[in-house]
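Participant:
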Amino acid sequence: MKILRKLLIALTTAACLNAQAEGLSADGPYIRYRADGIAQTIRVTSAGQIERTDSARLPPDFRFRVESHDGRYAFDVTLHPIVRPAWKYEAPKKLLVLSDPHGDLHSLVSLLRANGVIGKRLEWRYGKNRLMVIGDVFDRGPDVTQILWLLYKLEAEADETGGSVSFLLGNHEPMVLSNDLRYTDEKYKTLADTLGIEYASLFGPDTELGRWLGTRNTIQVIGTNLFVHAGAGQAFYELNPDIPLVNRETSRMLFRRNKTRKAWSPLHAFLYGSEGPLWYRGLVREKPKYKPCAADTLQMILNRYGVERIIVGHTVQPDISAFYDGRVIGVNVNNRKNREQGLGRGLLIEQGACYVVGDKGKLRQLF
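Residue numbers (mature numbering (1 follows the signal peptide of the UniProt record, and there is no 0)): -21 to -1, 1 to 346.
Laid out in structure tokens, this is it:
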């Protein structure tokens, strides 16, 4: 046993690789499980130094530190078993809903702290209540990996207290996972170029975060609320898919190129298309090009899934906004702008009432 332990230490130490590139900031870790059994960990230090370490194995309770790009936040994460969340949950006393954090860790932490979801150490403080994040952690900002690890961590902590954290897939997750980097912060492109790999491979199905992303749902129901990143309209109603099918088949194509996804089957072409749950804007936009959903079609969708409303992100609103007499709520806002201006940044559903919340807690009752 002592010989094996020494061998493990020697292998880990010998496999360290350091490199540096201009424009990098604290990032990672990225944990990849290679086919030969080696666990490879890549991180970027606060000094912009890339550290790559190969280990014979990682213990199931492997613990590591995550630091924001600017050093403002730091927290510990412990690996935990990965399972797909249920697609349906009972309504809790409190349900906080937000969407599209897009690499802006500061705005996310500010909102969660202000509404009692997390504490000073970024630990779960919401008890048996629930947090819903409706997609789009990837792109735009410099703390994408940090937000993913924070949600990963909070999921396990919430589960221990009887609460839950749900992160649904948005359109930017499959974009990045197919290496579409049009909206990706330059630091991530620099990291991938320095390592000589595709950025998408850092989140592949052979990585810890990739395995976690590959089990995230696309649609989820909590109480009488249906959550989906973009929306559901006439085409969705006509297809009549059950929710577990949508979740399973969206995940099935998550790590494929977009061309492959759409050619795989008519179902997958829909799921990843402009009228699918990741892209459709017709619940919150009225122009014909968005194919707005008729009010009676919306009601039939609600009736079919036994819910009272659909809550979406994706399309940016000036503030948390209701449509169709409250049967649709859009929660995607410009997080930095609304944080700085004291405007709404999330939705709190508490004992049947809906409140707009921001960085000072409740701002107003929506209905």
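The beta-carbon is built from N, C-alpha and C at its ideal position, and this holds for glycine as well.
Computed from a predicted model, the values in this text were never measured in an experiment.
Going by the DSSP bridge assignment, what does T341 pair with across the sheet?
Facilitator: Here residue 341 refers to the residue found at position 362 when the sequence shown is read from its first residue. Residue identity differs from the one stated: residue 341 is Lys in this sequence, not Thr. For K341, which the question treats as bridged, DSSP gives the partners V336.
Participant: Is it true that the region 182 to 200 meets the region 111 to 131, where meeting means three or more beta-carbon pairs spaced less than 8 Å apart?
Facilitator: Touching, per the Cβ criterion.
Participant: Runs of 4 residues minimum, wholly inside the region 149 to 222: which ones carry the alpha helix (DSSP H) assignment?
Facilitator: The qualifying runs are 151 to 156, 165 to 174, 187 to 192 and 213 to 218.
Participant: Can you tell me where the alpha helix (DSSP H) with E265 in it begins and where it stops?
Facilitator: Locating residue 265 in the sequence shown gives position 286, where the first residue counts as 1. Note, E265: premise wrong, no alpha helix (DSSP H); not H, not E.
Participant: Just how far apart, CA to CA, sit M232 and H247?
Facilitator: Locating residue 232 in the sequence shown gives position 253, counting from the first residue. Locating residue 247 in the sequence shown gives position 268, counting from the first residue. Between M232 and H247, the C-alpha separation is close to 8 Å.
Participant: What are the start and end residues of the alpha helix (DSSP H) that includes Y284?
Facilitator: Position 305 of the sequence shown, counting from 1, holds the residue named residue 284. Y284 -> alpha helix (DSSP H) spans A274 to Y284.
Participant: So for F41, helix, strand or coil by DSSP?
Facilitator: Residue mapping note: residue 41 aligns to position 62 of the sequence shown, counting from 1. Note: F41 maps to coil in three-state DSSP.
Participant: Under the rule that 16 or more other beta-carbon atoms within 10 Å means buried, what is D304, buried or exposed?
Facilitator: For this step, residue 304 is matched to residue 325 along the sequence shown. So D304 counts as exposed.
Participant: Taking DSSP's pairing of strands, which residues face D49 in a bridge?
Facilitator: The residue you call residue 49 lines up with position 70 of the sequence shown. According to DSSP, which records beta bridges pairwise, D49 is partnered with nothing at all.
Participant: In or out: M154 buried (at least 16 other Cβ within 10 Å) or exposed?
Facilitator: Start at 1 with the first residue of the sequence shown, and residue 154 comes out as number 175. M154 should be labelled buried.
Participant: Going by DSSP, what residues sit across from A70 in a beta bridge?
Facilitator: Along the sequence shown, one-based indexing puts residue 70 at 91. Beta-bridge pairing links A70 to no other residue.
Participant: Helix, strand or coil for Q(-2)? Go by DSSP, reduced to three states.
Facilitator: Locating residue -2 in the sequence shown gives position 20, counting from the first residue. Q(-2) falls in the strand class under three-state DSSP.
Participant: Whose CA, out of L327, R31 and L342, lies closest to the CA of Y105?
Facilitator: As a working mapping, residue 105 is identified with position 126 in the sequence shown. Residue L327 is the option with its Cα nearest to Y105.
Participant: Taking the beta strand (DSSP E) that T20 belongs to, which residues open and close that run?
Facilitator: Here the question's residue 20 lines up with position 41 in the sequence shown. First-last of the beta strand (DSSP E) with T20: A18 to V23.
Participant: If distances are taken between C-alpha atoms only, which option among T239, Y9, C333 and H208 comes closest to V263?
Facilitator: Stepping through the sequence shown from its first residue, residue 263 is reached at position 284. It is H208.
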